[in-house]
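Notes for the one structure printed next.
Residue numbers (my numbering): 9 to 95.
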């Protein structure tokens, strides 16, 4: 398939070009740092940011895309489901 945008430099505000299903894990990092995180089922999402900071996104909404640079989605504290790492 031809990609009309192949010659353009990528940036963080361009659409995602790849995605991975996320299984929350307290020790394993994601295979790639995210550009954004999609939440399929509402709940809390505990993440470790690219900076190393950890935070719980309380009340993350189903169907929402959160523009976060996440390196890990933690099992402890995560109640949301259907998580997808967008990159």
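Beta carbons: idealized from backbone N, C-alpha and C, even for Gly.
These numbers were taken from a predicted model, which means no experiment stands behind them.
Check: In terms of residue numbering, what span does the beta strand (DSSP E) encompassing residue 56 cover?; Outcome: 51-57
Check: Who are the near neighbours of residue 78 in its chain, counting only those whose CB is closer than 8 Å to its CB and skipping five residues on each side?; Outcome: 38, 41, 42, 45, 55, 56, 57, 58 and 93
Check: Determine which residues share a DSSP beta bridge with residue 62 and list them.; Outcome: 56
Check: Run through DSSP, which three-state label would residue 41 get?; Outcome: coil
Check: Tell me whether residue 73 is buried or exposed, calling it buried when 16 or more other Cβ atoms sit within 10 Å of its Cβ.; Outcome: exposed
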